[in-house]
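Residue numbers (the numbering used here), protein chains in the order written: chain A, 2 to 158; chain B, 333 to 879.
Note that beta-carbon positions come from the ideal geometry of N, C-alpha and C, so glycine has one too.
Everything on this sheet refers to the single structure shown next.
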Amino acid sequence: MLKILDFFDYAKSESLWMAHFCTGCCSLEMAAAMGPRYDWERYGYLPTPTPRQADVLMITGLVSKKILPALLRTYAQMPEPKYIVALGACSFDGGPYNDSLSVIKNPTEILPADVFIAGCPPKPEAIIEGLEEVKRKIKEGIPSAASQGGLWQEMEF
Amino acid sequence: MQSIKDILNSFDCEFVEDYKKVWVKAKLNSKDDLLSVAKKLKENGLRSLSTVSPTDFLEDNIMEINYFFEDLDTKRNLWLKLDLPRESETCNIESLTPIFPSANWHEREAYSMFGVDFLNHPDLRDIIKSEDFTGKSPFRKDFDWEAHEKDNLTNVQTIVDAFKKEQAENEVDLDTDSSETILNWGPTHPASGPIRLRVHCDGEDIIGIDPDIGYVWRALEHLITKKDFIGAIVSVERLCFMDNINSMTAYAMAVEEIADVKITPFASWMRVLLGEVARVSSHFMGLGMFFNNMGLHTLAMWNMDTREFFLDFLESYSGARIATASVEPGGVRYGLDMAMFNELQLAIEKFDSSIGEVEAIFVKNPTMKLRAVDVGVLSAQEIHEFGLSGIVARASGVKTDIRIDEPYAAYAELDLDYIIQKDGSAKDRFEMLFHELKQSVNIIKKAKKKIEENVASGEMNPTKDHMVKVPKKLPKGEAISRVEWARGEVLMHLVTQEKAKTPYRLKIRAPSFNHTMMLDHLLQGQTLSDIPLIFGSLYICQGDLDR
C-alpha cells in the first residue's frame, strides 16, 4: 500500500501545472523559461490558463495591495494539493520596491511559499532549479507551507 | 514656433521663451485664460496634449501645473506652466478634456494623486490608486504615507469590500430581463496581464469598456523622490522590464541637463546600441504576444529563441539579462570589452538567418491578414486627438519618431527614416513591429561598426570614455527629456531643489496610458473575441500603465 502512495506522489511531482497569473515583472523571465532555450516543459511543467487545473501558483515578483485579493482568490480556487513558488526579491521583502509604500512587503507572511527563488529577476535556470525543489518536496510528502498557516486563512477576499 | 509665441504673448504671461530646439516654454499668470489659450493653440495645430504634470511646492504653498502640448506633424511643442493655490477648496482649474480628448486620463491621474479639481471634466473619477486612498492625495508632499500604510491588511480589506460592492451593484443595476451583463476580463486572463477590463456587453456584442488599472501600482514617481540621483535609475528602469534601457536614458538626459554635463561620443553611441538591443528584445515579445492572443504560440517560441541571443549580449555587458542598470547620468555604467561584441555578432547572425522565415510564415500569413485587417482601426485624426505615439501612431501613417524629431544620444548622426503604414488596423500595427525590428537591427549594426572603427582608430577608449562625473548635489532647476521608447514616447519632467541630493519630482509620461484609454473607443460595437486581438495589437505593458 505504501508503495502505491509513493507512486502517486511521484506522478504528481512529475507533471506540475502552474496557474497562469502574473503579479509583476518576473513573469518575463518565466516566459523565457518557457521558451526554447530553457524549455521547462522537459521537466513536466506547463502553464494552464485556469487555476482549477493547476498544482503550483507562482508569485511572480511584486504583490501590490490591489492584486493581493485576486492572488488569494486564485489560490483558493486551486484544487489540493497545491504549492506556492515565490519568484524574485519582491516576493520576499519588497525588493527594489522596499521603500515604496504601495507594495506589500511581506506577501509570503500572508501566503507562505514553499520555495523562494532569489534574483531580480531570477534567471530561467534558477526558476527551473526552484521548481525541481518543489518536485523534491512533493516526492518526500512534505505538506505545503500555505496549508500549515499564513494570514490568508483569517482574511476575507 | 513664432505663431505659438504670438498666441501666448497676446495673453498675460510671466515669460515666453524658447527651450531646446523644438519647445516653447511659457507661464500663464491667470488660470482664467487657460481655456481660451488652449482653443487658440488647437486652431494653430497643437492637437495633442501629451500629459498634465502637477508639482507640489509645499514651502511656497503653490501647486504648479505643467501642460505639455505637441504637434506631431510640424514637431512644434509647448510647455505651459500655471500656478494654483494648494488648498484643496481652491485648487481647481478648467478641464481641457473637452478640447483635447487626450487629457482625459492624465487629468484623472492629477486629480487622484494631487487632488487637483478639474472643472467640467466629463468623468472625474479616481484612477490608478487603490480604493483605500479614496479622498486622499498620496503624491502631495504633506501626505503621511507611513500612517496610511500602518495597518496594511485593513487597507486590503477596503479594496476587497469595494470590489464586492461593485460586483453586487452590477447585479442590481442591470435589468434581469435583458441579456446585458458586465464581464471582468482580467486580471487573471492569460492574455491580459495585471489589468481588469469591465466589459459591458449584450450577449457577444460589446457596449462599452471601462478599464480598471493600478494592479501593479508601485508609486514609482513617489519612490524616486526617496532615492539619490544614481539610486533612482533602479526605479526608473523598472518602468517596464521589456525595454528598460531607453527609460534610463530619458532619466539620465534630464539629470545631465540640470547638472549641465555633456556625455562622451562613446557613451552616446553605447546608449544607441544598448537602447536598440532593448527595443529588439521588447519587439520580439510584442510580436509573439500578438500571435499568442490569436491562439498560435509558435511565433512567440521562435522569437524567444532569437531574443535570448540579444539578452546574452546584455548579460555579458552588464551582468544581468534584463535588469541591467547600465545607463546612468553621465554616460553608461560600464566600460566595454571589445570581445563582448562577439556575442552581439552572434545575435545579429541568428537574427539575419531566422527573420526570413518569420516574415514568410507569420507576417505574410493569410489567416492573420483576414482576421486582423479590419479590426481596431485608428485614423490619423484620432492619433492626434488622443496623443498616441510609437508604433500605434506610425501604423496609422502619422510620421512621429522622437529619434528623428528631437534626436538624442547619437541618433542625429544616423540617417533614419520614418517607417509607416497606412490604415492603422491591428494588422498594420503588427507589421509595424516587424519592420521596426529590422530597422533596429540595422541601427545596431551601424552603431557597432561605428564604435569598432573609432576604437580601432583610437578616437574612443572603451574602458575610460564611458562616464563623465556628475556632481552628487544638483542645483535648483527643472528639465524635460523625451525618448522613443519601444512602446512610444516617454516624457520625463524632472524638478530639483537647491543643493538637491534627491529628485524633488519626476513625472513619467508613459505611452501605454494613452493606448489603454483607446480600448473603450476601439472595442465599442465589436465582439468579445476581438478583445485579446486589439489589446495585443496596442502593445500595452502594465508596468508603464500603472507606474
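- Message: Could you check whether B/TRP549 and A/SER65 sit closer than 8 Å to each other, using their CB atoms as the reference points?
- Response: Counting from one through the first sequence, the residue named residue 65 of chain A turns up at place 64. Counting from one through the second sequence, the residue named residue 549 of chain B turns up at place 217. Cβ distance < 8 Å, so A/SER65 and B/TRP549 count as in contact.
- Limits of the unbroken beta strand (DSSP E) element including A/GLU15: One-based indexing of the first sequence puts residue 15 of chain A at position 14. No beta strand (DSSP E) contains A/GLU15, which DSSP labels as neither H nor E.
- chain B residues whose Cβ lies nearer than 9 Å to that of A/SER148: On the first sequence, position 147 is the one that residue 148 of chain A refers to. Result: empty, since nearest Cβ-Cβ is about 20 Å, beyond 9 Å.
- Message: Could you compute how far the alpha carbon of B/LEU404 sits from the alpha carbon of B/SER685?
- Response: Locating residue 404 of chain B in the second sequence gives position 72, counting from the first residue. Locating residue 685 of chain B in the second sequence gives position 353, counting from the first residue. Between B/LEU404 and B/SER685, the C-alpha separation is close to 36 Å.
- Message: Could you tell me the alpha carbon to alpha carbon distance between B/PHE400 and B/ALA725, rounded to whole angstroms?
- Response: In the second sequence, residue 400 of chain B corresponds to position 68, counting from 1. In the second sequence, residue 725 of chain B corresponds to position 393, counting from 1. For B/PHE400 and B/ALA725, the distance between alpha carbons rounds to 18 Å.
- Based on Cα-Cα distance, which residue from B/GLN677, B/ARG639 and B/PHE645 lies nearest to B/LEU606? Start at 1 with the first residue of the second sequence, and residue 606 of chain B comes out as number 274. Ranking the options by Cα distance to B/LEU606, first place goes to B/PHE645.
- Message: So, for B/GLY809: in the same chain, excluding its five sequence neighbours on each side, which residues have a beta-carbon less than 7 Å away from its beta-carbon?
- Response: Counting from one through the second sequence, the residue named residue 809 of chain B turns up at place 477. Cβ within range, chain order: ILE590 and THR828.
- Message: Give me, in chain order, the residues of the same chain whose beta-carbon lies closer than 8 Å to that of B/LEU765; leave out the 5 immediate sequence neighbours on both sides.
- Response: In the second sequence, counting from the first residue as 1, residue 765 of chain B sits at position 433. HIS615, GLY618, LEU619, PHE622, ILE723 and TYR871.
- Message: Just to check my reading of the structure: B/THR795 and B/GLY667 have Cβ atoms closer than 8 Å, yes? What is that Cβ distance to the nearest angstrom?
- Response: For the purposes of this step, residue 795 of chain B is taken as residue 463 along the second sequence, with counting starting at 1. For the purposes of this step, residue 667 of chain B is taken as residue 335 along the second sequence, with counting starting at 1. That pair is a contact at about 4 Å.
- Identify whether B/ASP544 lies in helix, strand or coil by the three-state DSSP scheme. As a position in the second sequence, residue 544 of chain B is number 212, starting the count at 1. Reduced to three states, the DSSP call for B/ASP544 is strand.
- Query: What are the boundary residues of the beta strand (DSSP E) that includes B/GLU400?
  - Reply: For this step, residue 400 of chain B is matched to residue 68 along the second sequence. Note on identity: in this sequence residue 400 of chain B is Phe, with Glu being the wrong assignment. That run of the beta strand (DSSP E) goes 394-402.
- Straight-line CA distance for A/TYR100 to B/LEU529? The residue you call residue 100 of chain A lines up with position 99 of the first sequence. The residue you call residue 529 of chain B lines up with position 197 of the second sequence. The question names Tyr, but residue 100 of chain A is Asp in the sequence shown. One C-alpha to the other measures close to 29 Å.
- Using a C-beta cutoff of 8 Å, does B/ALA370 count as contacting chain A? Here residue 370 of chain B is taken as the residue at index 38 of the second sequence, counted from 1. Not one chain A Cβ lies under 8 Å of B/ALA370.
- Query: Excluding sequence positions up to five away, which residues of its chain have a Cβ less than 7 Å from the Cβ of B/LYS357?
  - Reply: Reading the second sequence from its first residue, position 25 is the one you call residue 357 of chain B. So the qualifying residues of the chain are GLU349, TYR351 and TRP411.
- Under the three-state DSSP convention, the category B/TYR649 falls into: Here residue 649 of chain B corresponds to residue number 317 of the second sequence, with the count starting at 1. Reduced to three states, the DSSP call for B/TYR649 is helix.
- is_contact[B/PHE495, chain A] using C-beta, thresh 8 Å: Position 163 of the second sequence, counting from 1, holds the residue named residue 495 of chain B. So, interface residue.
- Message: Less than 8 Å between CB atoms is the rule here; does B/MET633 satisfy it with respect to chain A?
- Response: In the second sequence, residue 633 of chain B corresponds to position 301, counting from 1. It does; some Cβ of chain A falls within 8 Å.
- Buried or exposed (CB count within 10 angstroms, at least 16 for buried), B/ARG457: Taking the first residue of the second sequence as position 1, residue 457 of chain B is located at position 125. The residue is exposed, with fewer than 16 neighbouring Cβ atoms inside 10 Å.
- Could you check if B/GLN334 is buried or exposed, using at least 16 other CB atoms within 10 Å of its CB as the buried criterion? As a first step, residue 334 of chain B must be located in the second sequence, where it is residue number 2. Exposed.
- Should B/SER462 and B/GLY447 be called a contact, given that it needs their Cβ atoms to be closer than 8 Å? Counting from one through the second sequence, the residue named residue 462 of chain B turns up at place 130. Counting from one through the second sequence, the residue named residue 447 of chain B turns up at place 115. The answer is no: Cβ separation not under 8 Å.
- Message: To the nearest angstrom, how far is the alpha carbon of B/ILE654 from that of B/ILE562?
- Response: On the second sequence, residue 654 of chain B is found 322 positions in, with the first residue counted as 1. On the second sequence, residue 562 of chain B is found 230 positions in, with the first residue counted as 1. Each residue's Cα considered, the two are about 18 Å apart.
- Message: Does the CB of B/ARG653 have a neighbour CB from chain A at under 8 Å?
- Response: Translated into positions along the second sequence, residue 653 of chain B becomes position 321. Answer yes: the Cβ-Cβ gap between B/ARG653 and chain A drops below 8 Å somewhere.
- Along chain A, which residues have their Cβ under 9 Å away from the Cβ of B/ASP637? Locating residue 637 of chain B in the second sequence gives position 305, where the first residue counts as 1. Result: GLY36, PRO37 and ARG38.
- Query: What does B/ALA477 reach in chain A if we use C-beta pairs closer than 8 Å?
  - Reply: Numbered from 1 along the second sequence, position 145 holds the residue referred to as residue 477 of chain B. Going by the sequence as given, residue 477 of chain B is Trp instead of Ala. Simply LEU102.
- Task: Could you tell me if B/GLY857 is buried or exposed, where buried requires 16 or more neighbouring beta carbons within 10 angstroms of its beta carbon?
- Result: Within the second sequence, numbered from 1, the residue matching residue 857 of chain B stands at position 525. Classification of B/GLY857: exposed, given that the 10 Å Cβ count is below 16.
- Item | Buried/exposed call for A/GLY62, threshold 16 Cβ in 10 Å | To locate residue 62 of chain A, count along the first sequence from 1; it is residue 61. When all chains shown are included, A/GLY62 counts as buried.
- Quick one: does A/ILE143 have its CB under 8 Å from some CB of chain B? Indexing the first sequence from 1 puts residue 143 of chain A at position 142. So, not an interface residue.
- Task: Inspect the beta-carbon positions of B/SER757 and B/VAL695 and report whether they are closer than 8 Å.
- Result: Here residue 757 of chain B corresponds to residue number 425 of the second sequence, with the count starting at 1. Here residue 695 of chain B corresponds to residue number 363 of the second sequence, with the count starting at 1. Going by C-beta atoms, B/SER757 is not nearer than 8 Å to B/VAL695.
- For B/TYR583, three-class secondary structure by DSSP: Along the second sequence, one-based indexing puts residue 583 of chain B at 251. Helix at B/TYR583.
- Message: Does B/ALA630 pass the burial test, meaning 16 or more other C-beta atoms within 10 Å, or should it be called exposed?
- Response: To locate residue 630 of chain B, count along the second sequence from 1; it is residue 298. According to the sequence displayed, residue 630 of chain B carries Thr and not Ala. So B/THR630 counts as exposed.
- Query: Since A/TYR98 meets chain B, which of its residues come closer than 9 Å, beta carbon to beta carbon?
  - Reply: What you label residue 98 of chain A is simply residue 97 of the first sequence in a count that begins at 1. What A/TYR98 touches in chain B: ARG550, ALA551, LEU552, LEU555, SER567 and ARG570.
- Query: Nearest CA to the CA of B/ASP862: which residue from B/PRO433, B/TRP355 and B/MET626?
  - Reply: Within the second sequence, the letter at position 530 stands for residue 862 of chain B. The option with the nearest alpha carbon to B/ASP862 is B/MET626.
- Three-state class that DSSP yields for B/MET333 in the structure shown: One-based indexing of the second sequence puts residue 333 of chain B at position 1. Reduced to three states, the DSSP call for B/MET333 is coil.
- Message: Can you give me the C-alpha to C-alpha distance between B/SER511 and B/VAL504, rounded to a whole angstrom?
- Response: Here residue 511 of chain B is taken as the residue at index 179 of the second sequence, counted from 1. Here residue 504 of chain B is taken as the residue at index 172 of the second sequence, counted from 1. Taking the straight line from one Cα to the other gives about 14 Å.
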